[in-house]
Amino acid sequence: MENTNNIVRVFQVLKDFTMGKSIVKVLKGIDLEIKAGEYVSIMGPSGSGKTTLFNMIGGLDKPSSGSVFIDEIDISQLDAYELAWLRCRKIGYIFQTFNIIQVMTALENVTLPMVFAGVSDDEARERGMELLDLVGLKKRFQHKPFELSGGQQQRVAVARALANNPAIILADEPTGNLDLSTGDEIIKLLKMLSREKGVTIISATHDLKMLNVSDRVIWISDGKIEKIENRDELSISLGQIEDK
Amino acid sequence: MPQHTKSIANLPQKQVVLPFVKSVEIAVKSIKTRFFRSLVTTLSLILAISFYSYIKTNSHIITGLFASGDKPAIEKLSNQGFDIPEKGKAHTTTPKERWILFLSLLVCVVGIVNTQLMAVADRFREIGTMKCLGALDRFILRLFLIEAALQGFIGSIIGALAGSGIAILGSLIKFGTIAFKFADFNIILMSMVLAVFLGCSLSIIGVLYPAFLAARMQPIEAMRGRD
Chain A
25 MENTNNIVRV FQVLKDFTMG KSIVKVLKGI DLEIKAGEYV SIMGPSGSGK
75 TTLFNMIGGL DKPSSGSVFI DEIDISQLDA YELAWLRCRK IGYIFQTFNI
125 IQVMTALENV TLPMVFAGVS DDEARERGME LLDLVGLKKR FQHKPFELSG
175 GQQQRVAVAR ALANNPAIIL ADEPTGNLDL STGDEIIKLL KMLSREKGVT
225 IISATHDLKM LNVSDRVIWI SDGKIEKIEN RDELSISLGQ IEDK
Chain B
19 MPQHTKSIAN LPQKQVVLPF VKSVEIAVKS IKTRFFRSLV TTLSLILAIS
69 FYSYIKTNSH IITGLFASGD KPAIEKLSNQ GFDIPEKGKA HTTTPKERWI
119 LFLSLLVCVV GIVNTQLMAV ADRFREIGTM KCLGALDRFI LRLFLIEAAL
169 QGFIGSIIGA LAGSGIAILG SLIKFGTIAF KFADFNIILM SMVLAVFLGC
219 SLSIIGVLYP AFLAARMQPI EAMRGRD
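For the record, the sequence lines run as chains A and B.
This note's numbering puts the first sequence at residues 25 to 268.
This note's numbering puts the second sequence at residues 19 to 245.
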């Protein structure tokens with residue numbers, strides 16, 4: 025699935041936070057291009073600006089200067105409606121803490137974005153069941169979140185992120201709250217989605233297992249891009265990690 | 019606008035919607051799941067509204083009794099400390115009653131604001147998640163308002179029935195059936211409807227500020243909240 029479109033383009037993004045009297049420069053000029061269908065991991069120590077960059081790409085935060093383009097639309101120019109539309113249709117979010125809505129069943133969680141998108145009830149239900157089937161939870165569609173394990177909740181979140189056929193899935197530490205084997209399952213699931221559905225996956229992570237499946241890894245350090253590695257280069261550096 | 023039309027051109031049917039029926043459905047679900055919390059909110063409303071209804075119904079019944087001209091009943095009333103109204107004038111609630119009534123309603127609203135603020139804090143993540151999924155500010159506002167309206171409606175119906183019921187039962191015991199011979203039940207019913215309306219309004223007034231806070235919350239703040 026070769027596609028040369030840049031689905032995400034980050035252009036000279038700076039971000040400052042004001043902490044009391046001092047100004048903290050979190051991002052110090054980031055330039056980044058991500059192609060449609062890529063599986064990209066953003067790595068970096070905590071405090072490196074990884075999450076901030078991630079939030080910028082997701083339209084959850086606005087840069088102090090510079091721009092973020094999604095599908096060549098400058099998202100800092102969008103008003104509240106357009107941003108909501110973008111979050112609803114173009115981007116699927118997966119969180120470290122799952123963020124399944126507690127009062128709703130698995131199926132209702134998956135269909136909620138479709139409700140926002142104006143999909144009819146029957147269609148939403150049908151598609152919701154398909155998605156739950158895809159993540160292997162078809163039989164549990166009526167379960168409430170507290171009846172599901174962490175891994176299962178995260179899978180519901182993956183299904184929910186896919187609800188409106190988004191172009192991008194943003195996963196913020198998707199395996200952070202999961203044990204090794206369930207984390208592995210989620211990573212495999214994401215990889216499968218990127219390969220079979222051509223969804224662009226961008227994840228911020230500490231998890232080295234994520235690197236194995238990534239097409240590219242972006243290392244962030246101190247608000248700048250330290251290096252970008254492609255997968256073939258990566259296996260070497262991974263080997264070094266394993267050797268140590 | 020030129021700036022907007024440019025981006026709109028790239029976004030086909032850029033609408034996000036939450037049909038009213040769906041909002042009600044979500045609100046009902048939320049009340050059911052958080053039944054205990056809803057109960058606490060509703061309970062303060064039930065108490066306040068039943069007190070209001072009790073006072074009002076009592077006052078109507080007493081008006082009827084005075085109008086009846088029934089000697090023993092009027093004597094009983096004045097023994098209990100009720101002032102006999104001038105001819106042709108209705109019995110009214112005393113300033114003290116009105117003052118207590120006002121205070122009880124005020125306490126009720128403050129209580130609702132308090133529980134709803136806690137509810138919003140509890141639901142930080144839920145609200146943030148919904149916003150990440152494409153919810154607009156007004157969806158969140160609407161959800162909270164519908165929830166409050168439902169709680170207000172149910173609570174004040176229970177309150178109005180209980181208050182009027184107790185008032186009617188009380189006068190029945192004190193004065194016997196004569197209490198109702200002259201009481202105007204249409205007016206009592208009207209005051210109950212008014213009580214329900216008042217209850218709904220109080221519930222909605224109480225939720226306005228918390229709901230506004232919730233709606234204005236940025237998704238990113240909600241995600242950060244209590245991690």
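All C-beta atoms in this analysis are idealised placements derived from N, C-alpha and C, irrespective of residue type, glycine included.
In three-state terms, what does DSSP make of residue i?
| i | result |
| --- | --- |
| Leu-116/B | Reading off the sequence shown, one finds Arg at residue 116/B, where the question assumed Leu. Three-state result, Arg-116/B: helix. |
| Gln-177/A | helix |
| Leu-202/A | coil |
| Lys-50/B | helix |
| Ile-196/B | helix |
| Glu-250/A | strand |
| Lys-24/B | Below a pLDDT of 50, predicted positions are generally treated as unreliable, and Lys-24/B, at 43, falls in that range; no measurement from the model is reported. |
| Val-35/B | coil |
| Val-139/A | helix |
| Thr-229/A | strand |
| Leu-29/B | In this prediction, Leu-29/B scores a pLDDT of 49, lower than 50, which makes its location untrustworthy; no coordinate-derived value is stated. |
| Glu-257/A | helix |
| Asp-101/B | coil |
| Thr-224/A | strand |
| Ile-124/A | coil |
| Asp-98/A | strand |
| Pro-237/B | helix |
| Leu-84/A | coil |
| Leu-172/A | coil |
| Thr-110/B | coil |
| Gly-82/B | helix |
| Asn-133/A | helix |
| Ser-77/B | helix |
Work out the CA separation of residue j and residue i for me, nearest whole Å.
| i | j | result |
| --- | --- | --- |
| Leu-226/B | Ala-153/B | 19 Å |
| Val-58/B | Gln-33/B | 37 Å |
| Arg-244/B | Asn-201/A | Note on Arg-244/B: pLDDT 48, under 50, position unreliable in the model; the coordinate value appears next. Distance between the alpha carbons of Arg-244/B and Asn-201/A: 15 Å. |
| Ile-186/B | Gly-194/B | 10 Å |
| Val-180/A | Asp-208/A | 16 Å |
| Met-19/B | Ala-108/A | Note that Met-19/B has pLDDT 39, beneath the 50 cutoff, so the model's placement of it is unreliable and the number below is only indicative. Going by the C-alpha atoms only, they are around 19 Å apart. |
| Gln-177/A | Leu-136/A | 15 Å |
| Asp-267/A | Ser-91/A | Low per-residue confidence applies at Asp-267/A: pLDDT is 43, beneath 50, and the placement is therefore not dependable, though the value from the model is reported in the following sentence. Taking the straight line from one Cα to the other gives about 40 Å. |
| Glu-93/B | Leu-121/B | 31 Å |
| Phe-100/B | Glu-239/B | 58 Å |
| Ser-238/A | Ile-118/A | 17 Å |
| Glu-62/A | Met-235/B | 32 Å |
| Glu-150/A | Lys-233/A | 33 Å |
| Gly-222/A | Ser-65/A | 16 Å |
| Arg-219/A | Leu-51/A | 31 Å |
| Leu-159/B | Glu-171/A | 29 Å |
Take residue i and list the residues in its own chain whose beta-carbon comes closer than 7 Å to its own, dropping the five residues that flank it on each side.
| i | result |
| --- | --- |
| Thr-111/B | Ile-73 and Ser-77 |
| Thr-300/A | Since the first residue of chain A shown is 25 and the last is 268, residue 300/A is not available in this structure. |
| Met-216/A | none |
Which first and last residues belong to the alpha helix (DSSP H) in which residue i is found?
| i | result |
| --- | --- |
| Gly-170/B | 155-193 |
| Glu-147/A | 145-158 |
| Gly-224/B | 203-234 |
| Met-67/A | That residue, Met-67/A, is in no alpha helix (DSSP H); its beta strand (DSSP E) goes 63-67. |
| Ser-96/B | 89-97 |
| Leu-77/A | 74-81 |
| Leu-107/A | 104-109 |
Which residue comes first and which comes last in the beta strand (DSSP E) that contains residue i?
| i | result |
| --- | --- |
| Val-92/A | 89-94 |
| Phe-142/B | Careful: Phe-142/B lies outside any beta strand (DSSP E), inside the alpha helix (DSSP H) at 142-150. |
| Lys-162/A | Where Lys-162/A is concerned, there is no enclosing beta strand (DSSP E), given that its DSSP letter is neither H nor E. |
| Met-43/A | 30-43 |
| Leu-194/A | 192-196 |
| Glu-57/A | 46-59 |
| Ile-115/A | 115-118 |
| Ile-244/A | 240-245 |
Ignore the nearest five residues each way along the sequence and tell me which others in residue i's own chain have a CB closer than 8 Å to its CB.
| i | result |
| --- | --- |
| Pro-69/A | Ser-245 |
| Asn-30/A | Glu-57, Ile-58, Lys-59, Ala-60, Phe-93 and Glu-96 |
| Gln-169/B | Ile-49, Ser-56, Thr-59, Thr-60, Leu-63 and Ser-221 |
| Ala-91/B | Leu-83, Phe-193, Ile-196 and Ala-197 |
| Leu-213/A | Val-159, Arg-179 and Val-182 |
| Val-32/A | Leu-56, Glu-57, Ile-58, Ile-81, Val-92, Phe-93, Ile-94, Ile-192, Thr-224 and Ile-226 |
| Ser-100/A | Lys-86, Pro-87, Ser-91 and Val-92 |
For residue i, which residues of its own chain have a beta-carbon under 6 Å away from its beta-carbon, when the five flanking residues on both sides are left out?
| i | result |
| --- | --- |
| Ile-64/B | Gly-173, Ile-176 and Gly-177 |
| Ile-206/B | Thr-75 and His-78 |
| Phe-230/B | none |
| Arg-184/A | Asn-133 and Val-134 |
Is the stretch 232-249 of chain A touching the stretch 78-87 of chain A, taking contact as three or more C-beta pairs under 8 Å?
no
Check whether the stretch 195-214 of chain B touches the stretch 146-166 of chain B, counting contact only when three or more Cβ pairs, one atom from each stretch, lie closer than 8 Å.
no
Are the stretch 183-191 of chain A and the stretch 101-121 of chain A in contact at 8 Å, needing three or more beta carbon pairs?
yes
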